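Each remark here refers to the structure printed beneath this line.
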Amino acid sequence: MNLSFNNLSKGYEGKMIFENIGGQISDGDKIGLIGANGVGKTTLVNILTGKEESDTGEIRCSPYHINILYIEQYPKFERGITVYQDIIGFLSRSKDYQDDFMDMEEIGAMARAALNKVGLGREKWDHDVENLSGGEKTKLILSRMLVAQFDFLILDEPTNHLDIDSSDWLENYIKDLDKSMIIISHDRYFLDNTVNRIWELTDQGLEVYEGNYSSYRDQKEIQLKHIEREYEKQQTRIQDLRVMISDRENWYRSAHKSAGQNDYLRSRAKKHASSLRAKRSQLERLEEERIEKPRKQLSPAFQIINKNIIGRKFPRFLIRGKNISKSFGQNQVLDNISFNVERKDKIAVIGANGSGKTTFLKTLCGIHDDYVGTLQISPSVNMGYFSQELENLNYGATILEDVLTVGGSVGEVRLLLACLLFRGDDVYKRVGDLSMGEKGRVAFAKLILSDANLLVLDEPTNYMDIQSREKVEEALEQFEGTIIFVSHDRYFVKRLANRIFVIGDKRLHCFDSNYEVYLARAGTVESHRTKEDGQRQMKEDIMKLETELAYLGGKLDGTLDEEEKEELSKRYLQLARELNRMKGL
C-alpha cells in the first residue's frame, strides 16, 4: 500500500489552515501526527479520507482503491440506539460482510467478541449509547477497529477518556497490528510505544521525523540548536557587511570628492564602487535568505511559582488518612483505606475509570466530608484544588483580569502567563472565547498564583495539546511544594510522580517509587499471580483427569462388549498420556 499527497492547501472563509504540504505513507508506516490545537491535523486526515476536499493539490493511492478505517475523535451515534445495536449496525452496513453473505448469528458472535475485548461487558450491551461515559464511548468506537476489514487505519485521539489499563490494551493491539496508520494524539507515552515516524504539522508546514515521540524530541532539540547557530552566524555576517558597506560608502564619497579631475584617483574610486556594489549584493542575498530567529522557550518563573513555599518549614507528614471509607448511598467507593502524604511528595493517583480517584481527591479537599475514618491535615497546609470541570473561571473577564483576582502583580501574572504560552495581547482575550485547553492553562495559572502549597489536581492536562502539557509539566517540576494528581497521561505521570497510589476494588495500594519502577513491580506481581493461577488450574486439571481415569478403570473392569471396551481403552490411554505429560511439566 502507498498513499502520497503533494501541494495540499486548505482554507476556510479566507483563513489559510495549511498550504502546499506533502507527505507519503508506505507499508509498515505507523505515523504519529502532532501539532498545536487548531493547526489542521483533523482537517488533513479528513482530506485524506475524502470527507473534505482540498483547495489545491493531489492525492495518489496504490492500489487505486484503499479501504480506509477512520476512527473519529467525536463520533456521531444514532439517537436512541444501544451499545449492541450500534456495533451490529456497523457490521450490517459493511460491504465486506454483505459480500461474504454472513448470517446474523455470525455477525452477532463477532460483535459480542469485539465488545468484550474492548472492555464493554454483557452488562453494558443494552445501555443507551447517549448515556455512556466518555471512556465507554471511546471503547465502543474502537470496537469497530476489531471487526472492520481495512488496509489503512486513522485514529483521532484514540486514548481520550481511556483509563491507563485500557490505554495499555490499545497500545499493545496497535503494536501487533500489521497495518499502516496515522494516529493523531497528544498522548506522548502512547506515541512512544506505537509509532515509528512523527509528522509535525505547524503553521510553517509538515515536517517528518523518523522514530517515536522521544526520538522526535531529541531530533527537534538538535535541529533548533543548529538553527540557533546558523542564525547567529548569519546575523554576525549581516552586521559585518553593514559595517563594511558603511565604511566603504564613507570612503567612496570622500575619495570621489577628493579625486576631482585626477584620472588615477577617479579610477581607484570606481574600483571601490564596484566592490561596494558586490558587498551590497551579498547583503541583499543574505536578507532574502534570512533565517528566522528561533523562538526562545521561556523558562517557568521559579520565584513566582514558589513564592508561598520558599523560606517556609513544613512537617514531614502533611496528611495522614486512617481507615477511611466513603459511600454514596448504598454504593461504597472507598473501603477502609489508609495513607500518608509527606512534604515534597508528587503522588500520581491511578486506577480504572469509576474506581474512585476523583472521590479520593475531593475527600482530601473537604468537598466530600461525610466519610468514615480519620483524616489529619497539618495546619501548615494550604490546599489548592484543580477540577477537571474548570469551575473557578470567570468567563466574562479577560485572561489577565481573571488571573489577577487570585493575587500577584501585573508583571508577575504576565510573566507566568507567558510561560504558559499566553504572550503579548493574548492576555486580553476573553476567557469565555478560549478553547478548553486554553481555559485549562488559565485555571492552572490561577492555582499557581494562589496561596496553595499543596496542589490537588484532577486531570490537569485534559484538552491540552502537547506543547501546553509540557509547559504545565515544567512548572510542576519546579514547584517545591507537594502535589497529588489524577492523570491518564502516562508521559505526564512518568515525568512528575515520585510515588504511585493505585485505587482498585475500593482499596488503596501505595507504591513508594516512580511510575517506571511501579510498572516493573506490578508486572512482576502480575506474572507471579498468573503463574500461581496457572499452577492452581493445572492441579485442578490433574485432579479431573485422575477422577476420570478412575471412573474409566472401574468401567473397564466390568462386563463390556468388545466394541465398547475398545473405545473406552482408547480414551483411557489418551487420558493417561495427557496426565503423564501434565505431571512432567
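The numbering of the sequence shown is our numbering, which starts it at 987 and goes up by one. By construction, the Cβ of each residue, glycine as well, lies at the ideal position given by its N, Cα and C atoms. Computed from a predicted model, the values in this text were never measured in an experiment.
Start and end of the beta strand (DSSP E) containing THR1468?
1468–1472
Can you tell me which of the three DSSP states ARG1298 falls into?
coil
Extract the residue ranges of the beta strand (DSSP E) inside the segment 1177–1211, only unbroken runs of 3 or more that lie entirely within it.
1183–1188, 1191–1196
Using a threshold of 7 Å, state whether the C-beta atoms of ASP1178 and TYR1199 are closer than that.
yes
Can you tell me the Cα-Cα spacing of SER1240 and VAL1229, whole angstroms?
The straight-line gap from Cα to Cα measures roughly 17 Å.
Please state the DSSP three-state secondary structure of ARG1427.
In the displayed model, ARG1427 falls within a helix according to three-state DSSP.
What separation, rounded to the nearest whole angstrom, lies between the Cα atoms of GLU1005 and LEU1187?
Across the structure, GLU1005 and LEU1187 are spaced so that their CA atoms are roughly 11 Å apart.
Which residues in the same chain have their Cβ closer than 6 Å to the Cβ of LEU989, if we skip the five residues on either side of it in sequence?
ILE1011, CYS1047
Can you give me the C-alpha to C-alpha distance between ARG1455 and PHE1430, rounded to a whole angstrom?
Taking the straight line from one Cα to the other gives about 11 Å.
What span of residues does the beta strand (DSSP E) with ILE1486 cover, start to end?
1485–1490
Could you tell me if ALA1099 is buried or exposed, where buried requires 16 or more neighbouring beta carbons within 10 angstroms of its beta carbon?
exposed
Which residues does DSSP list as the beta-bridge partners of THR1360?
For THR1360, which the question treats as bridged, DSSP gives the partners LYS1308.
At what residues does the alpha helix (DSSP H) containing LYS1125 begin and finish?
Run containing LYS1125: 1120–1133, per the alpha helix (DSSP H) assignment.
Quick check on DSSP: helix, strand or coil for GLU1044?
strand
According to DSSP, is GLU1447 part of a helix, a strand, or is it coil?
A small fix is needed here, since residue 1447 is Thr in this sequence, not Glu. Correct three-state label for THR1447: coil.
Straight-line CA distance for GLN1283 to ARG1493?
With a pLDDT of 49 at GLN1283, under the threshold of 50, the modelled position of this residue cannot be trusted, and the question is left open.
Between ASP1475 and ASP1173, which are expected to be in contact by the criterion C-beta below 8 Å, what is the C-beta distance as a whole number of angstroms?
6 Å
Would you list the residues sitting across from GLU1328 in a DSSP beta bridge?
PHE1303
Report the rounded CA-to-CA distance for ILE1020 versus TRP1111, giving the unit in angstroms.
34 Å
Along the chain, where does the beta strand (DSSP E) that runs through PHE1497 open and close?
1493–1497
Alpha carbon to alpha carbon, how far is THR1468 from ILE1150?
Rounded to whole angstroms, THR1468 to ILE1150 spans 23 Å at the Cα level.
For THR1344, which three-state DSSP category applies?
helix
Ignore the nearest five residues each way along the sequence and tell me which others in LEU1561's own chain have a CB closer than 8 Å to its CB.
Closer than 8 Å at the Cβ level, and outside the excluded window around LEU1561, lie LEU1531, GLU1534, LEU1535, LEU1538.
If you draw a straight line from the C-alpha of VAL1396 to the C-alpha of ILE1310, how long is it?
43 Å
Should PRO1144 go down as buried or exposed, given a rule of 16 or more other Cβ atoms within 10 Å for buried?
buried
Just the Cα atoms here: how many angstroms apart are LEU1106 and LEU1118?
11 Å
Please go through the same chain and pick out, in chain order, the residues whose beta-carbon is closer than 7 Å to the beta-carbon of LYS1348, but skip the five residues on each side of it.
HIS1354
Three-state secondary structure (DSSP) at LYS1027?
helix
With GLU1387 as the anchor, note down where its alpha helix (DSSP H) starts and where it stops.
1385–1390
Could you spell out the range, first to last residue, of the beta strand (DSSP E) harbouring GLY1075?
From DSSP, GLY1075 is part of no beta strand (DSSP E) but of the alpha helix (DSSP H) over 1069–1079.
Can you say whether HIS1514 is buried or exposed, counting buried as having 16 or more other CB atoms within 10 angstroms of its CB?
Below a pLDDT of 50, predicted positions are generally treated as unreliable, and HIS1514, at 47, falls in that range; the measurement from the model is reported next regardless. The residue in question, HIS1514, is exposed, as its Cβ has fewer than 16 Cβ neighbours within 10 Å.
Could you check where the alpha helix (DSSP H) with LEU1055 kicks off and where it finishes?
First-last for LEU1055: 1054–1057, but that is the beta strand (DSSP E), not the alpha helix (DSSP H).
Whole angstroms are fine: how far does the CA of GLU1278 sit from the CA of LEU1227?
19 Å
Contact check, LYS1330 vs ILE1489 under 8 Å by CB: the rounded distance?
Contact doesn't hold; Cβ gap of about 22 Å is too wide.
Inspect the CB distances between the segment 1256–1272 and the segment 1432–1449 and report whether three or more fall short of 8 Å.
no
Have a look at VAL1319, GLY1018, ASP1089, TYR1217 and flag the residue whose alpha-carbon is nearest the alpha-carbon of SER1341.
VAL1319
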